[in-house]
Amino acid sequence: MNEEQITVYWRWWCTYCLRLGFALRRAGIRFHKIDITRDEAAAADLRTLTGGDEITPTVLVRGRVLINPSVAEIRKALSG
Numbered sequence: 000m001n002e003e004q005i006t007v008y009w010r011w012w013c014t015y016c017l018r019l020g021f022a023l024r025r026a027g028i029r030f031h032k033i034d035i036t037r038d039e040a041a042a043a044d045l046r047t048l049t050g051g052d053e054i055t056p057t058v059l060v061r062g063r064v065l066i067n068p069s070v071a072e073i074r075k076a077l078s079g
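Okay, so the sequence shown: first residue is 0 according to numbering that gives the first Met the number 0, each after it adds one.
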């Protein structure tokens, strides 16, 4: 899978983010991650995507926003 299709907005200290990253790697799903604690512009983009919140992990799959998704939800978004 092309990692450009999946962007994960995360925080380096977020347990849910770390779990999702591990699960995606274990499933063989490539992704691009953006740490919003180190990139204010990305944090602003995330707030736009989520209606003003900085919820992590938030995953952007082909233009679709998924908040704290499972690997199954990400696979479904990739297939549809």
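Just so it is clear, CB atoms sit at the ideal spot from N, CA and C, and this is done for glycine as well.
Residue burial classification, residue i (beta-carbon count within 10 angstroms, cutoff 16)
i: Ala76; result: buried
i: Phe30; result: buried
i: Val60; result: buried
Closest by C-alpha distance to residue i, when choosing among the options
i: Trp9; options: Gly79, Arg24, Arg29, Leu45; result: Leu45
i: Ile33; options: Ala26, Gly20, Arg25; result: Gly20
i: Cys16; options: Ser78, Glu72, Ile66; result: Ile66
i: Gly62; options: Thr47, Ser69, Gly51; result: Thr47
i: Glu72; options: Ala26, Trp12, Thr49; result: Ala26
i: Trp11; options: Ser69, Ile28, Arg37, Arg74; result: Arg37
Cut-off 7 angstroms between Cβ atoms - residues of its own chain near residue i, not counting five sequence neighbours on either side
i: Ala42; result: Ile35, Glu53
Contacts around residue i, its chain only, beta-carbon distance under 6 angstroms, and the 5 residues preceding and following it disregarded
i: Val7; result: Phe30, Lys32, Pro56, Val58
Whole-angstrom distance between residue j and residue i, CA atom to CA atom
i: Arg24; j: Glu39; result: 26 angstroms
i: Gly79; j: Thr49; result: 21 angstroms
i: Val64; j: Gln4; result: 12 angstroms
Jot down the residue ranges of each uninterrupted alpha helix (DSSP H) in the segment 12-63, minimum 4 residues, whole runs only, in chain order.
14-25, 39-49
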